[in-house]
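Participant: Next up is a structure, given as structure tokens.
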Ligand code: SF4
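Residue numbers (the numbering used here): -1 to 190.
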């Protein structure tokens, strides 16, 4: 695993659980408002040692409930399923923050996970203007359908900003309601 950051303790990244967050290096998209630009390159300059992090997590058994893989985009890395298994063997629940970039990989990963926070940025056709990647909207919304069918607890997050006009935001919120999405969190874009 290529790890670009680690937060040893948080109460806000996995609903209702005390968690550590592992920030995975690399993302295939380039959203203008990205709050973790140092994590976008697949090869970061200051990577953390995954095995050393596992040792840290082992010492935190009984103090933490869960480990969240965030990013960047965790599903970019083919080593992620094995990393999730190793964390689960330590007795932690595992959460995933994802933008849904790789729905087929997500489908294979879902049986290993306990909770997912999915970033839905906009209506599908408007994604490329934000991410710079054709077809990105279809991928993210396919991931949403996979989550809805999985029975796994999840929430959808949408970052607010000038890229998302009020009228489209209203349509997005209504669509999430109509799809029965249990939690749709609206979060302001962080100012740089
Ligand atoms: S998908 Fe997330 S991590 Fe990737 S560029 Fe967009 S905001 Fe940043």
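Even for Gly, the Cβ is constructed at its ideal location relative to N, Cα and C.
1. Have a look at 118, 62 and 14 and flag the residue whose alpha-carbon is nearest the alpha-carbon of residue 171.
2. Cβ-heavy atom distance between residue 123 and the ligand SF4 below 8 Å?
3. What's the C-alpha gap between residue 137 and residue 123?
4. So, residue 97 versus residue 144, is the Cβ gap smaller than 9 Å?
5. For residue 10, which beta-bridge partners are listed by DSSP?
6. Once you ignore the five residues that flank residue 185 on each side, which residues in its own chain have a CB closer than 8 Å to its CB?
7. Count the other C-beta atoms from every protein chain shown that fall within 10 angstroms of the C-beta of residue 67, then say buried if there are 16 or more, exposed otherwise.
8. Could you check the C-alpha separation between residue 116 and residue 174 for me, to the nearest Å?
9. Looking at the structure shown, is residue 175 part of a helix, part of a strand, or coil, going by DSSP?
10. With DSSP collapsed to three states, give me the class of residue 190.
11. In the DSSP assignment, the alpha helix (DSSP H) including residue 19 goes from what residue to what residue?
12. Do residue 121 and residue 166 have their C-beta atoms closer together than 9 Å?
13. Here's the rule: buried if 16 or more other CB atoms are within 10 angstroms of the residue's CB, otherwise exposed. What is residue 160?
Facilitator: According to the data block:
1. In the chain shown, counting from the first residue as 1, residue 171 sits at position 173. Nearest option by C-alpha distance: 118.
2. Numbered from its first residue, the chain shown carries residue 123 at position 125. When distances are taken from the beta-carbon of residue 123 to the heavy atoms of the ligand SF4, even the shortest one reaches 8 Å or more.
3. Taking the chain shown and counting its residues from 1, one reaches residue 137 at position 139. Taking the chain shown and counting its residues from 1, one reaches residue 123 at position 125. Cα to Cα, the separation comes out at about 11 Å.
4. Your numbering for residue 97 matches position 99 in the chain shown. Your numbering for residue 144 matches position 146 in the chain shown. Taking 9 Å as the Cβ cut-off, residue 97 and residue 144 do not qualify as a contacting pair.
5. Position 12 of the chain shown holds residue 10. Its beta-bridge partners do not exist; DSSP assigns none.
6. Locating residue 185 in the chain shown gives position 187, where the first residue counts as 1. Within the same chain, residue 185 has close Cβ partners 155, 156, 157 and 158.
7. Position 69 of the chain shown holds residue 67. Looking at its Cβ environment, which holds 16 or more other Cβ atoms inside 10 Å, residue 67 is buried.
8. Here residue 116 refers to the residue found at position 118 when the chain shown is read from its first residue. Here residue 174 refers to the residue found at position 176 when the chain shown is read from its first residue. Whole-angstrom Cα-Cα distance: 12 Å.
9. Here residue 175 is taken as the residue at index 177 of the chain shown, counted from 1. It is helical.
10. Taking the chain shown and counting its residues from 1, one reaches residue 190 at position 192. Its pLDDT being 46, under 50, residue 190 is placed unreliably by the model, and nothing is read from it.
11. Here the question's residue 19 lines up with position 21 in the chain shown. Not the alpha helix (DSSP H): residue 19 falls in the beta strand (DSSP E), residues 17 to 22.
12. Here residue 121 refers to the residue found at position 123 of the chain shown. Here residue 166 refers to the residue found at position 168 of the chain shown. Closer than 9 Å, so yes.
13. Mapped onto the chain shown, residue 160 falls at position 162. With fewer than 16 other Cβ atoms within 10 Å, it is exposed.
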